[in-house]
Ligand SMILES: O=P(O)(O)OP(=O)(O)OP(=O)(O)OC[C@H]1O[C@@H](n2cnc3c(O)ncnc32)[C@H](O)[C@@H]1O
Ligand SMILES: [Mg+2]
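In UniProt numbering, the protein residues as written are 1 to 486.
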């Protein structure tokens, strides 16, 4: 086993994040790959067989696809149900959260009275009691199932006032029972620690079983000489969830709990059913293909998308190779043509998002010419000839008002068509000015700058251009569009 391989960490949902947070702090050289089985959480009410099956699926994925060197079950219920089975069947070391928590509690208790809060599954398994009694048979153990706490955390309500009241209420019996140590026997619970602390009082030692597990991981890495010697940046850690709908909540909690400035990159694992057997598969996100043969446009669109922080893999059309068919732009409006471009490419890339732009210059004194014919006004994509034609047609005409329009059409699998338009007004000069940009840029004077588009920097043009404005408009609707379907 390569010591620089990642460590896998699995949980039923967001609870395991409390373990990974501590692990990232204490093990800066390790890379972690985390799976939260959000599609099938909570594990508490599940049968032992179910929990074993799910845990195996996650372990198999991490071993075969990610070559993990060690597996950490960052979930008490899964540890209670599946740890020994996994340890027997897997060839890599497997660490659970119960034994480290039980050991720490036994060391901490002075009056030999320990409380445990956990899921019903963990409580019913008596796994903590068994471990605690291995270290001291006479220790009194009081266990209480708290399934509601899990749901409150998973629903991102762990800081709500109502949650505080629930926690205060539920934990009141422990105050009377005389415990001096309380095990947070579910990895979700450290997120509720401020409320739990308030409920049981300062004098009680709280044991975070997840935190204790980090010592067990360290010991195991040392014993097997598996410490990574590459310093990993924890931004490289990968987070997976199994459900689509919860991904947002997971992302919000994870970004917040792990104190990340940027939203975490949370990926999706699909539960694939092959008759009786299930396994997990990574679903790759659709690409955003820019359906344009105009490299100038592509460069502009990529820069603007980058500026507005679009989190998609942007792919230019030419990377699709020879399979790209010819697109006949015979529509009478920009939208018709942009739709045609997008739909033509969608046929060869049905799983991707396709963004097309149809744009052009409309001159008031020429009744909107060249308009949809901008690219082929005089010669097909012959900028020189097209500019000359405009200058000739406007010779002697004093009214020089004109407008650039960009109509963007975005399509995607099972998505409605999204249209965004941007326009910019300007004046047609009497000769070419500037060398930047493309098309009619040398003739289009922007009054605000008293310069033509060709005299502006790319960044300046993108701030005010028809394309820049259309993309900003598109960006406003994009998050909603990405979520929705038809
Ligand atoms: O169709 P695709 O492959 O996207 O590339 P294209 O260049 O043919 O694009 P259009 O069919 O939309 O034609 C737009 C024409 O309008 C002109 N045009 C559009 N936007 C422009 C801009 O930002 N600056 C200068 N001219 C522009 C230019 O002549 C373009 O060729
Ligand atoms: Mg075209």
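For glycine and all other residues, C-beta sits at the position ideal for the given N, C-alpha and C.
May I ask whether a heavy atom of ligand 2 can be found less than 8 Å away from the beta carbon of residue i?
i, result
"residue 386", "no"
"residue 336", "no"
What are the boundary residues of the alpha helix (DSSP H) that includes residue i?
i, result
"residue 165", "161 to 177"
"residue 8", "Run containing residue 8: none in the alpha helix (DSSP H); it sits in the beta strand (DSSP E), 7 to 11."
"residue 67", "Note, residue 67: premise wrong, no alpha helix (DSSP H); not H, not E."
"residue 343", "334 to 348"
"residue 131", "127 to 135"
"residue 479", "466 to 483"
"residue 88", "76 to 89"
"residue 197", "193 to 200"
"residue 385", "383 to 393"
Less than 8 Å separating the Cβ of residue i from some heavy atom of ligand 1?
i, result
"residue 291", "yes"
"residue 121", "no"
"residue 357", "yes"
"residue 444", "yes"
"residue 76", "no"
"residue 327", "yes"
"residue 451", "no"
"residue 300", "yes"
"residue 341", "yes"
"residue 323", "no"
"residue 319", "no"
"residue 88", "no"
"residue 307", "no"
"residue 406", "yes"
"residue 393", "no"
"residue 439", "yes"
"residue 331", "no"
"residue 389", "no"
"residue 294", "yes"
"residue 62", "no"
"residue 383", "yes"
"residue 243", "no"
"residue 465", "yes"
"residue 426", "no"
"residue 312", "no"
"residue 361", "yes"
"residue 461", "yes"
Starting from residue i, follow its DSSP beta bridges and name the residues at the other end.
i, result
"residue 279", "272"
"residue 370", "362"
"residue 30", "DSSP, once it has assigned bridges, lists no residue as partnering residue 30."
"residue 401", "427"
"residue 406", "359 and 422"
"residue 94", "71"
"residue 354", "289 and 411"
"residue 267", "240"
"residue 452", "445"
"residue 52", "Answer by DSSP bridge pairing: none, since residue 52 is not bridged."
"residue 36", "11 and 241"
Of the choices the options, whose alpha-carbon is the least far from that of residue i?
i, options, result
"residue 29", "427, 441 and 236", "236"
"residue 472", "444, 306 and 318", "306"
"residue 4", "60, 66 and 35", "66"
"residue 403", "444, 99, 346 and 435", "444"
"residue 435", "481, 384 and 321", "384"
Which two residues bound the contiguous beta strand (DSSP E) that contains residue i?
i, result
"residue 446", "444 to 446"
"residue 240", "238 to 241"
"residue 113", "113 to 118"
"residue 205", "205 to 208"
"residue 145", "140 to 145"
"residue 182", "181 to 184"
>> Going residue by residue through the stretch 280 to 316, where are the continuous alpha helix (DSSP H) segments of at least 4 residues, counting only ones entirely within it?
In response: 295 to 307
>> Quick check on the contact list: which residues have their beta carbon closer than 6 Å to a heavy atom of ligand 3?
In response: Ligand 3 is absent from the structure shown, which contains only ligand 1 and ligand 2.
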